[in-house]
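Here the structure is laid out as structure tokens; the discussion comes afterwards.
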Ligand SMILES: Nc1ncnc2c1ncn2[C@@H]1O[C@H](COP(=O)(O)OP(=O)(O)OP(=O)(O)O)[C@@H](O)[C@H]1O
Ligand SMILES: [Mg+2]
């Protein structure tokens, strides 16, 4: 059974239709790369998955359970619980500046524990131990007590990845995780993301790094003007694109390298 | 030299009285203007258009006109319109009128500082809290509040220091505050030596007061 099914998502801002009938599904452990030109709706799609925007219509099903459907009204608490199926890593990190790296990672699980939100960490000790492990996963154990302003962009983004993982989302979303970084720092972040693959971790990565998308993704979606223009395994989308728009986009992005 | 020392108690006492008045205006204004400023800032961030327009216009007018003028209007205005001085002729009436004018004026300045601090926290902070499953109140208290305070304190402390100095404006309606007292000695009766103490003390009072405030708000 698919871990994620997105069905007929539409999003309208005022009069502009930004997402038009988006449907796709993901198996557990799969990595989906979403590519497409600026303004094609990639960020908006991730934001709908994370409930930062409310889709105008359509439904989202995680593990067979409907977590979003326009016709179902959810209480605040259930909504908070449902959004935890998804994690989000932002383009510009959005770390909490007043907390250290370690506190950034452990804050949300601790508050969830206090609030009786269901996670599988049952005590503060467990949360802290997991927090240490996550910082190690992203290679920042030595920066545990550093504040975001004391970290480089690449390190901040790695803390942000650990913070998202701390809530153990079923699906982790990345919105252009390296596009706010200096070129020499993108490598360390991409390496961490690559390292997360496997272990049944399901991820959706919006990216402009074509080589990265090609080497990490199990599935690629090319978006254009709010529709899924082409979808398939990377060999097919990159190697043998069917749509004219995909061909033009790929030719263009190769030129720019 | 003797004249100096003889005058010391006189000058000290009179200036002290003036200083107490200054201090009263200062404290009452702060107590009134801080909460009122916060309320006005909510108005100026309101999504309800009429409330937004009214507060914006009000703040714009108050910030665009001199405090001295506002003080005169508030003290003499009602008398001219109603043919009756609602503040009364005595010291207390003047003090109340002064505080009302100061509170309104400073609340408007404070409201802009509050608004800047509240809106200055990037939207991304709220969103990062949301996707981590935090509740609205957790996002406010655990994430945004400290960031707002950090943005509010520096401009606020500047404004508060300005308030200390502005208290001397109360004299335009004849209210006795510290500078006023100092000046009376200056133009006063005991010759040139009369100048020294008042200058010294008025300066010291302001300096000591402002500097102390400064260091507190900096830390
Ligand atoms: N809050 C909003 N209100 C109105 N229009 C919006 C809003 N957010 C996004 N849009 C519009 O939706 C379209 C898609 O935006 P989106 O940010 O999803 O594109 P994107 O594919 O992520 O682009 P980029 O590669 O530049 O990040 C754009 O035309 C944008 O102007
Ligand atoms: Mg985007």
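Protein chains in written order, with the working numbering: chain A, 1 to 257; chain B, 258 to 476. For glycine and all other residues, C-beta sits at the position ideal for the given N, C-alpha and C.
- Within chain B, the C-beta atoms nearer than 7 Å to that of residue 88/A come from 388, in chain order.
- Between the C-alpha atoms of residue 180/A and residue 93/A there is a straight-line separation of about 9 Å.
- Taking residue 206/A as reference, the option from 200/A, 198/A, 217/A with the minimal CA-CA separation is 217/A.
- Chain B has no Cβ within less than 9 Å of the Cβ of residue 120/A.
- In the DSSP assignment, residue 149/A falls outside any beta strand (DSSP E), carrying neither H nor E.
- Apart from the 5 residues on each side of it in sequence, residue 47/A sits with its Cβ closer than 6 Å to the Cβ of 53 in its chain, given in chain order.
- The beta-carbon of residue 400/B is placed less than 9 Å from the nearest beta-carbon of chain A.
- Residue environment: residue 125/A is assigned as exposed (fewer than 16 neighbouring CB atoms within 10 Å of its CB, all protein chains considered).
- In this structure, residue 43/A has its beta carbon less than 8 Å from a heavy atom of ligand 2.
- Residue range 244–255 is occupied by the alpha helix (DSSP H) that includes residue 246/A.
- Remark: the C-beta of residue 423/B is outside contact range of ligand 2, defined as less than 8 Å to any heavy atom.
- Relative to the non-hydrogen atoms of ligand 2, the Cβ of residue 69/A never comes closer than 8 Å to any of them.
- Counting only runs of at least 3 residues, the region 372–429 of chain B fully encloses no beta strand (DSSP E) element at all.
- Contacts between residue 394/B and chain A, judged by CB atoms closer than 7 Å, are missing: the closest CB pair is about 10 Å apart.
- Judged by DSSP in its simplified three-state form, residue 235/A adopts helix.
- Looking at the DSSP output, residue 87/A bridges to 172/A.
- Closer than 9 Å to the CB of residue 381/B there is at least one CB belonging to chain A.
- For residue 108/A, the nearest beta carbon of chain B is closer than 9 Å to its own beta carbon.
- Here residue 221/A is buried, its C-beta having at least 16 other C-beta atoms within 10 Å.
- Residue contact with chain B for residue 130/A: absent (no Cβ-Cβ distance below 9 Å to any residue of chain B).
- The C-beta of residue 305/B has fewer than 16 other C-beta atoms within 10 Å across all chains shown, which makes the residue exposed.
- Within 8 Å of the CB of residue 404/B, the CB atoms of chain A belong to 97, 98, in sequence order along the chain.
- Residue pairing of residue 60/A in beta bridges, as defined by DSSP: 6/A, 68/A.
- For residue 13/A, the shortest C-beta to heavy atom distance toward ligand 1 is below 8 Å.
- Of the residues assessed, residue 395/B falls on the buried side of the cut-off, its CB having 16 or more other CB atoms within 10 angstroms.
- Scanning chain B for C-beta atoms nearer than 8 Å to the C-beta of residue 167/A yields 389, 390, reported in chain order.
- Residue side-chain check: residue 176/A places its Cβ nearer than 8 Å to a non-hydrogen atom of ligand 1.
- At least one beta carbon of chain B lies nearer than 9 Å to the beta carbon of residue 111/A.
- Residue environment analysis places residue 173/A among the buried positions, since at least 16 neighbouring C-beta atoms fall within 10 angstroms of its C-beta.
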